[in-house]
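If you're matching positions, the sequence shown starts at 4 in this note's numbering and goes up one per residue.
I have placed the structure first, in the form of C-alpha cells, so that the comments after it can refer back to it.
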Amino acid sequence: MNFLKYLPLLIAPLIFLILIFFARKIMEKKVLNLFASAYFLGLLTAIPMILVLYFVYSYWLTHVQSLRRIVFYSFVLIGFLSELFKFLLLRFYYLPKKSFTKPFDGILFSVMIAMGYATAANVYFFYEWRYTDGIRIVLYTLPVAVFFISIIMGFFIGLSKFRSNNFDSLTGFSAAVILFGFYSFCLLSGDYLLLSLIGGGVILIAFLLAAKSLNSKTNALL
C-alpha cells in the first residue's frame, strides 16, 4: 500500500502527541504551551543541516564513497550541525526559563526539540536521500536515534542549570555530536551491525540517565 511508505514520517509526530497527552495531566497550561513550542521550534533546527547537505551535494560532494567523505558527512555536516542548533535552542532559550525547575526538565525539552528535528529531517530525507540504498532504515531509525541521544544531552544540560557549570552543557553537546556522528557513519557506510551495537549502548545509557534524573532529588545529582 502507498500509505505504508509514508509511515516512518509519522513516528516523530506521534511521539510528540504522546508526550503532550501525558504532559497535559501534570503540567500547568503555561508550561505545557512552552513544552509544545519546543517541538515546533525543533523543526527549525533541521534547516541548517538540510541547507548545507543540499548545497554540498549539489555543488561539491556528489558521491559519498571514500572513508574521509563519510566521516566528514557523518560528524561535521550531519552530527555537528544537527546537534549544534538543538543545543543552542535548549541551552539558551529554554534553560533560562523559570518553568525549567528540575534537571529532568532538560530531558523533556531536549526530547521534544529532537522530535521536531526528526520530523523535518525525515521529510527531507524521504524526498532527497541520495547517499545509500537504505532509505527505509534511515527513516525508521532516525526518530529513535535522536530520541535517545537527546535524553543524554538533555540530562547534562539540565544539570548545568543547577550546578551553574558550563562543563555539563559542553559534555552533553559533545556526547550528542559524537553519538549522532557514529549513527550517521553507520548508515552511510552500511555497517548495520555496528549501528546495532552502538544503538544498544546508547539506549542503555539513556535509560540509566533518565532513571537517575527522574528518581533522584536535585541535590543528589549535584
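We put the CB at the ideal spot given by N, CA and C, even for glycine.
Keep in mind the model is a prediction, meaning the values are calculated, not measured.
What's the gap between the Cα of G82 and the Cα of A123?
15 Å
Buried or exposed for Y57, please, with buried defined as at least 16 other CB atoms from any protein chain shown within 10 angstroms of its CB.
exposed
What is the DSSP secondary structure of K101, reduced to helix, strand or coil?
coil
Keeping to the same chain, check which residues put their C-beta closer than 7 Å to that of F103; ignore five residues upstream and five downstream.
Y97, K164
L13 in three-state terms, based on DSSP:
helix
Inspect the beta-carbon positions of F251 and A41 and report whether they are closer than 8 Å.
Residue numbering for the chain in the displayed model covers 4 to 225; residue 251 lies beyond these limits and cannot be assessed.
Let me know the alpha helix (DSSP H) ranges lying completely inside the region 23 to 53, each 4 residues or longer, listed in chain order.
32 to 47
For the region 139 to 150 against the region 27 to 44, are there 3 or more C-beta pairs whose distance is under 8 Å?
no
For N222, does the count of other Cβ atoms within 10 angstroms reach 16, so buried, or fall short, so exposed?
Annotation note: pLDDT 45 at N222 (below 50); position unreliable, coordinate value reported separately. The residue in question, N222, is exposed, as its Cβ has fewer than 16 Cβ neighbours within 10 Å.
4 or more residues per run - each alpha helix (DSSP H) lying fully within the region 115 to 180:
138 to 166
Pick helix, strand or coil for S216, following the three-state DSSP scheme.
helix
Can you tell me where the alpha helix (DSSP H) holding I73 begins and where it ends?
70 to 74
So, is Y76 buried or exposed, given that buried needs 16 or more other C-beta atoms within 10 angstroms?
buried
Please list, in chain order, all residues of the same chain as L211 whose beta carbon is under 8 Å from its beta carbon, the five residues on each side excluded.
none
Extent of the continuous alpha helix (DSSP H) to which F227 belongs
Given that the chain is displayed from residue 4 to residue 225, the structure contains no residue 227 and the question cannot be resolved.
Do you know how far the Cα of F176 is from the Cα of I90?
The amino acid occupying residue 90 in the given sequence is Phe; Ile does not appear at that position. Computed Cα separation, rounded: 6 Å.
Spatial neighbours of N168 within its chain, please: CB distance less than 8 Å, with the 5 preceding and 5 following residues excluded, ordered by chain position.
L162
Give me the Cα-Cα distance between A213 and S153, rounded to the nearest whole angstrom.
11 Å
Is M52 near L84, with beta carbons less than 8 Å apart?
yes
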